[in-house]
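This report refers to the structure that appears directly beneath it.
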Amino acid sequence: MKQKNDQKVSVLFMSYGILFCVCLITANVLETKQISFGPVNVTAGLIVFPVSYIINDVVCEVWGYSRTRLLIWLGFAMNFLFVLFGAIADAIPGAAYWDGQEGFHQIFGLAPRIAAASFIAFLAGSFINAYVMSRMKLSAKERRSADSNGFTRDFSARAILSTVFGELTDSLIFFPLALGWVIPWEEMPSLVISQVLLKTSYEIVALPMTIRVVKFTKAHDHEDVYDKDINYNIFKIKN
Numbered sequence: 001m002k003q004k005n006d007q008k009v010s011v012l013f014m015s016y017g018i019l020f021c022v023c024l025i026t027a028n029v030l031e032t033k034q035i036s037f038g039p040v041n042v043t044a045g046l047i048v049f050p051v052s053y054i055i056n057d058v059v060c061e062v063w064g065y066s067r068t069r070l071l072i073w074l075g076f077a078m079n080f081l082f083v084l085f086g087a088i089a090d091a092i093p094g095a096a097y098w099d100g101q102e103g104f105h106q107i108f109g110l111a112p113r114i115a116a117a118s119f120i121a122f123l124a125g126s127f128i129n130a131y132v133m134s135r136m137k138l139s140a141k142e143r144r145s146a147d148s149n150g151f152t153r154d155f156s157a158r159a160i161l162s163t164v165f166g167e168l169t170d171s172l173i174f175f176p177l178a179l180g181w182v183i184p185w186e187e188m189p190s191l192v193i194s195q196v197l198l199k200t201s202y203e204i205v206a207l208p209m210t211i212r213v214v215k216f217t218k219a220h221d222h223e224d225v226y227d228k229d230i231n232y233n234i235f236k237i238k239n
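The sequence shown lines up with residues 1 to 239 when you count with the UniProt record's numbering.
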């Protein structure tokens, strides 16, 4: 006798979750390289890290805050495992004939202070991003017009503003915790502002594609969740 299972797994949600985790892990590796955009110096993690905020926006817009909360904690767990395994491998002495320890350490020998700052900043920034998306979508529900232009305008506003608040929170936590007393404090504001501006610009450039992905996902999964009376406690994962 077959047992009926009413719980269905969305292939799209699973795919976004995998991409989300891959982006976070890839950003850890790319952060070890410094690059320049004109006079602004940033890490190569800028290439991929904002993608995690775009996925955050898509999941929150389609499936709501609860599913986004699950995604954020899943990304945190996978990223933590990656850093942990890398640290263990880095601590194990290399073979006598192997001469790649210095390069390996530069990538996987993440200082505990930087790792802790990265994890805390990621959680805070991601949850702020999801919260702003959720609340703005609720406030726009009654006044939003049913036409496509109405959705595009409202979604664009919440996608950009949620990224600004999320990235600002992330940067305000990460840079002081990771680089305080390492770089001059007077340089900190410009570093934070440049990161927020560059990552938000990334979001704006990608916005037309994000809107198409959201519309496709809603049509494919027949989902469009509004977080009415939801518990925003970040630890209510089972909900």
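A virtual CB, placed ideally from N, CA and C, is assigned to each residue, including glycine.
As the structure is a computational prediction, the values presented were derived from the model and not from experiment.
For the region 34-110, which segments carrying the beta strand (DSSP E) assignment without a break, of at least 3 residues, lie completely within its bounds, in sequence order? The qualifying runs are 34-37, 40-43.
So, with DSSP's three-state summary, where would you put Ile234? Coil.
Going by the CB atoms, is the gap between Tyr53 and Thr163 shorter than 7 Å? Yes, the pair counts as a contact, with Cβ atoms nearer than the cut-off.
Which ranges does the alpha helix (DSSP H) cover as unbroken runs of at least 4 residues, wholly within the region 141-197, from first to last along the chain? If we require 4 residues or more, the alpha helix (DSSP H) runs fully inside the region 141-197 come out as 148-179.
Helix, strand or coil for Thr32 per DSSP? Residue state, collapsed to three classes: coil.
If you drop the 5 nearest sequence neighbours on each side, which residues of the same chain put their C-beta closer than 6 Å to that of Thr210? Closer than 6 Å at Cβ, skipping near neighbours: Ile54.
Where residue 249 falls: helix, strand or coil (DSSP): This structure cannot settle anything about residue 249, because the visible part of the chain is limited to 1 through 239.
Would the beta-carbon of Ile128 fall within 7 Å of that of Gly75? The answer is no: Cβ separation not under 7 Å.
Does Gln195 pass the burial test, meaning 16 or more other C-beta atoms within 10 Å, or should it be called exposed? Gln195 counts as buried, since no fewer than 16 other beta carbons sit within 10 angstroms of its beta carbon.
Does the beta-carbon distance from Cys60 to Ser134 come in below 7 Å? Contact annotation: Cys60 and Ser134 have beta-carbon atoms nearer than 7 Å.
Out of Ala219, Phe20, Pro93, Val9, which one is the CA nearest neighbour of Trp73? A check of alpha carbon separations from Trp73 across Ala219, Phe20, Pro93, Val9 identifies Phe20 as the nearest.
Between the CA atoms of Ile230 and Tyr202 - distance to the nearest angstrom: Inter-residue distance for Tyr202 and Ile230 is about 30 Å (C-alpha atoms, whole angstroms).
Assign Met9 to one of three DSSP states: helix, strand, or coil. Here the sequence assigns Val to residue 9, which means Met is not the residue at that position. Annotated three-state conformation of Val9 is coil, per DSSP.
Kindly list the residues whose CB is nearer than 6 Å to the CB of Ala121, restricted to its own chain and excluding five residues on each side of it in sequence; keep chain order. Taken in chain order, the residues that qualify are Asp170, Ile173, Phe174.
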